[in-house]
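Trainee: Take this structure, written in structure tokens, and hold onto it; I'll ask about it next.
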Amino acid sequence: VTSGKVIKCKAAIAWEPKKPLSIEEIEVAPPKDHEVRIKILASGICRSDDHVLEGLKSNIKFPIILGHEAAGIVESVGRAVTTVKPGDKVIPLIVSQCRECQCCKHPNANLCVKADIRKHTGLMDDNTSRFSCKGKLIHNFLDTSTFTEYTVVNEISVVKIDDAAPSEKVCLIGCGFSTGYGSATHTAKVHAGSTCVVFGLGGIGLSAIIGCQVAGASRIIAVDINKDKFPKAKAVGATECISPQDYTKPIHEVITEMTDGGADYTFECVGITDLMVSALKSSHYGFGATVIVGVAPTGAKISLDPMLLLTGRTVKGAIFGGFKGKESVPQMVTDYLTKKINLDELVSHTFPFEKINEGFKLLRGGKCTRTVLTF
Ligand code: APR
Ligand code: ZN
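Numbering (my numbering), first residue to last: 15 to 389.
Printed below as a string of structure tokens:
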């Protein structure tokens with residue numbers, strides 16, 4: 015029995031930016047009150063992990079265990095934990111849900127005030143870490159940290175899912191899938207028969223396409239500078255694929271012409287501020303809506319002509335597709351099991367955990383949709 019004891023296990027440590035991750039033996043302390051220790055079974059590699067590794071997120075503290083898109087099994091729970099028990103299959107939540115704060119009580123909000131994602135302390139609520147390596151404190155990432163055999167999270171940052179769910183697929187519901195899918199179905203509320211444009215065809219953009227399709231969009235225009243991304247975009251529901259590099263005109267002019275004045279909904283799934291403005295300009299005068307899904311480097315600013323907004327366009331943004339974690343994650347897992355949604359196309363590579371650096375190489379080279387690490 016490991017309950018109540020320190021667990022020694024393997025984890026991928028990011029000691030400093032711009033260096034490969036190093037697989038080390040770490041110590042994982044037992045969960046304290048309201049905390050849950052999880053044995054990770056599968057974890058996807060997301061662009062946001064890479065943004066930190068590349069040093070683009072200056073507010074994130076190293077050394078750190080990255081990873082935030084995972085599924086696992088509860089190993090043990092601290093005192094006062096009531097919603098999960100040892101043996102439960104779970105997904106850690108990057109968007110926590112305490113159910114008591116102003117946001118959790120608000121029907122339209124999904125970002126918990128208690129676990130404020132802007133803070134990035136990298137520590138648990140008592141300002142300590144459950145991870146250490148070679149005597150050094152290791153920070154957590156997004157209240158989850160999943161590039162490790164064991165992690166500890168707050169009870170508000172984990173939810174039980176159906177035990178029958180395959181971890182190496184449903185782990186994507188922990189971040190990438192929900193983020194893209196929810197931006198279409200939940201944040202934009204795409205309507206049947208509409209025209210949608212998705213910029214960026216990584217795991218997030220493809221998930222947005224799936225959301226547009228499930229919502230009944232009749233045209234889904236997929237945009238990427240890497241044409242290798244087009245076959246998969248078509249496979250998940252894009253009706254047309256275009257590359258900005260094939261045109262001399264700016265891409266929003268191309269799209270405006272293709273769509274008789276602009277799209278109903280546009281989604282920026284890359285994280286480039288100028289592209290966010292292009293997405294807005296690609297939406298229709300009077301009613302177009304743009305959802306910002308991509309995460310720009312810390313401190314980056316958008317510059318836009320307010321006339322774009324005065325003339326009836328809207329810009330929205332959401333983290334995790336606007337979904338409340340505890341409510342929506344188990345539902346999406348069920349929707350996957352009942353085949354309402356299909357995630358399988360999104361997983362392009364499945365590697366053993368030890369090959370994590372290879373997974374990051376594929377991501378940087380634009381060679382994968384999603385790499386899932388299995389433990
Ligand atoms: N125009 C169109 N597409 C572009 C452009 C551009 N100017 N620049 C890059 N892209 C494409 C890339 O070729 C790639 O296919 O955007 C895609 C981004 O995909 P990934 O790198 O796989 O990223 P993903 O995991 O989908 O995340 C996208 O959302 O959650 C955030 O942090 C994440 O900001 C990132 C974004
Ligand atoms: Zn992510």
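Just so you know, even glycine gets a beta-carbon here, dropped at the ideal spot from N, CA and C.
According to DSSP, is N371 helix, strand or coil?
Mentor: Along the sequence shown, read from residue 1 onward, the residue named residue 371 stands at position 357. Helix, per DSSP.
Trainee: In whole angstroms, give me the CA-to-CA distance for L356 and D349.
Mentor: Locating residue 356 in the sequence shown gives position 342, counting from the first residue. Locating residue 349 in the sequence shown gives position 335, counting from the first residue. Looking at the sequence provided, one finds Asn at residue 356 rather than Leu. Those two C-alpha atoms are separated by around 9 Å.
Trainee: Can you look up F76 in the DSSP assignment and give me helix, strand or coil?
Mentor: The sequence position of residue 76 within the sequence shown is 62, counting from 1. Coil at F76, not helix or strand.
Trainee: For R132, verify whether its CB is less than 7 Å away from any heavy atom of the ligand APR.
Mentor: The residue given as residue 132 occupies position 118 in the sequence shown. No - the ligand APR has no heavy atom lying nearer than 7 Å to the Cβ of R132.
Trainee: Does the beta-carbon of E282 have 16 or more other beta-carbons within 10 angstroms, so that it is buried, or is it exposed?
Mentor: Looking up residue 282 in the sequence shown gives position 268. Its Cβ being crowded by 16 or more others within 10 Å, E282 is buried.
Trainee: Can you tell me which of the three DSSP states S62 falls into?
Mentor: Against the sequence shown, residue 62 aligns to sequence position 48. In the structure shown, S62 sits in a helix (DSSP, three-state: H, G or I).
Trainee: So within the segment 263-294, which uninterrupted beta strand (DSSP E) runs reach at least 3 residues, ignoring any that extend past its ends?
Mentor: Within the segment 263-294, the complete beta strand (DSSP E) runs of at least 3 residues are 279-282.
Trainee: Helix, strand or coil for A84? Go by DSSP, reduced to three states.
Mentor: As a working note, residue 84 is residue 70 in the sequence shown. Note: A84 maps to strand in three-state DSSP.
Trainee: State the Cα-Cα distance for the pair D278 and G285, rounded to the nearest angstrom.
Mentor: Translated into the one-based positions of the sequence shown, residue 278 becomes position 264. Translated into the one-based positions of the sequence shown, residue 285 becomes position 271. For D278 and G285, the distance between alpha carbons rounds to 21 Å.
Trainee: Could you name the residues that DSSP lists as bridge partners for V211?
Mentor: As a first step, residue 211 is located in the sequence shown; it is residue number 197 there, counting from the start. V211 is bridged to I235, T280.
Trainee: Which residues have a Cβ closer than 6 Å to any heavy atom of the ligand APR, listed in chain order?
Mentor: Result: C60, R61, S62, H65, G190, T193, F213, G214, L215, G216, G217, I218, G219, V237, D238, I239, N240, K243, P258, C283, V284, G285, I286, L289, V307, G308, V309, G380.
Trainee: Tell me where the beta strand (DSSP E) around F145 begins and ends.
Mentor: For the purposes of this step, residue 145 is taken as residue 131 along the sequence shown, with counting starting at 1. 145-147 is the span of the beta strand (DSSP E), which, as asked, contains F145.
Trainee: I'd like the list of long-range same chain contacts for N370, defined as Cβ closer than 8 Å, with 5 residues on each side in sequence excluded.
Mentor: If you number the sequence shown from 1, residue 370 lands on position 356. Note on identity: in this sequence residue 370 is Ile, with Asn being the wrong assignment. Cβ within range, chain order: A26, L35, I37, I59, F161, L387.
Trainee: State the beta-bridge partners of I333 as determined by DSSP.
Mentor: Taking the first residue of the sequence shown as position 1, residue 333 is located at position 319. None, per the DSSP bridge assignment.
Trainee: Buried or exposed: where does Y299 fall if 16 or more other Cβ atoms within 10 Å of its Cβ makes it buried?
Mentor: As a first step, residue 299 is located in the sequence shown; it is residue number 285 there, counting from the start. It is exposed - the Cβ of Y299 has fewer than 16 other Cβ atoms within 10 Å.
Trainee: Taking all protein chains shown into account, decide if P45 is buried (16 or more other Cβ within 10 angstroms of its Cβ) or exposed.
Mentor: If you number the sequence shown from 1, residue 45 lands on position 31. Buried, because 16 or more other Cβ atoms sit within 10 Å of the Cβ of P45.
Trainee: Work out the CA separation of G313 and L289 for me, nearest whole Å.
Mentor: Position 275 of the sequence shown, counted from the first residue, corresponds to residue 289. Position 299 of the sequence shown, counted from the first residue, corresponds to residue 313. Going from the Cα of L289 to the Cα of G313 covers about 16 Å.
Trainee: I'd like the list of long-range same chain contacts for I152, defined as Cβ closer than 7 Å, with 5 residues on each side in sequence excluded.
Mentor: As a first step, residue 152 must be located in the sequence shown, where it is residue number 138. Correct list, in chain order: I27, I40, P77, I78, I79, S143, F145, S146.
Trainee: Is it true that the segment 159-179 meets the segment 234-253, where meeting means three or more beta-carbon pairs spaced less than 8 Å apart?
Mentor: Not touching, per the Cβ criterion.
Trainee: Do you know how far the Cα of I87 is from the Cα of K103?
Mentor: Taking the sequence shown and counting its residues from 1, one reaches residue 103 at position 89. Taking the sequence shown and counting its residues from 1, one reaches residue 87 at position 73. About 5 Å.
Trainee: Taking the alpha-carbon positions, what's the K22 to H82 distance?
Mentor: Counting from one through the sequence shown, the residue named residue 22 turns up at place 8. Counting from one through the sequence shown, the residue named residue 82 turns up at place 68. About 20 Å.
Trainee: Have a look at V15, K53, A123 and flag the residue whose alpha-carbon is nearest the alpha-carbon of I333.
Mentor: By one-based count along the sequence shown, residue 333 stands at place 319. Per the Cα distances, A123.
Trainee: Quick check: the segment 120-135 against the segment 316-335, are there 3 or more CB pairs under 8 Å?
Mentor: The segment 120-135 is in contact with the segment 316-335.
Trainee: Identify, in the order they occur along the chain, each residue of the same chain with its Cβ nearer than 6 Å to the Cβ of S192, setting aside the five sequence neighbours on each side.
Mentor: As a position in the sequence shown, residue 192 is number 178, starting the count at 1. Only F334, G335, F337 meet the Cβ criterion.
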